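Down below is the structure, laid out as structure tokens.
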Amino acid sequence: MDSLDNTDFKKLASQQKSIQMKMRLLALAHFKDGHFRTQIAKFLKVSRTSVDKWAQTFLKEGIEGLHEKPRTGRPAFLSPSTRSFRNC
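Counting from 1, position 83 in the sequence shown corresponds to residue 83 in full-length UniProt numbering; the numbering is continuous, with no gaps.
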């Protein structure tokens with residue numbers, strides 16, 4: 001498991017393509033720097049609950065726990081080839 005002290009969150013955030021993952025890593029960078037979770041939430045314009053959840057997930061599961069999980073929902077009606085045709 002990753003350690004809060006041994007991880008360079010800002011460097012990791014700069015390497016991410018996903019904006020959601022960047023936000024999570026930046027929140028952890030501020031948390032590591034000693035900011036309160038309420039301050040972090042205001043700075044990133046997210047809820048304090050989200051910041052709490054990201055910090056707890058990191059402490060339990062490490063960086064891997066912060067990645068997007070598959071979402072439930074209705075399967076896509078259109079096939080991938082039909083979707084790409086419609087976007088032209």
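No residue lacks a Cβ here, since even glycine has one placed at the ideal position from N, Cα and C.
Please read these numbers as outputs of a predicted model, since none were measured by experiment.
In this structure, glutamine 39 places its C-beta atom within 9 Å of the C-beta atom of histidine 30. Here serine 14 is not near glutamate 68, since their CB atoms are 9 Å or more apart. Taken in chain order, the complete alpha helix (DSSP H) segments of 4 residues or longer contained in the stretch 37–80 are 37–44 and 48–61.
Contact between leucine 25 and leucine 12 holds, since their C-beta atoms are separated by about 5 Å, short of 8 Å.
For phenylalanine 36, the number of other beta carbons within 10 angstroms of its own is below 16, and it is reported as exposed. Alanine 55 and leucine 28 do touch by the CB rule: their CB atoms are close to 7 Å apart, below 8 Å. With fewer than 16 other beta carbons inside 10 angstroms of its own, alanine 76 counts as exposed.
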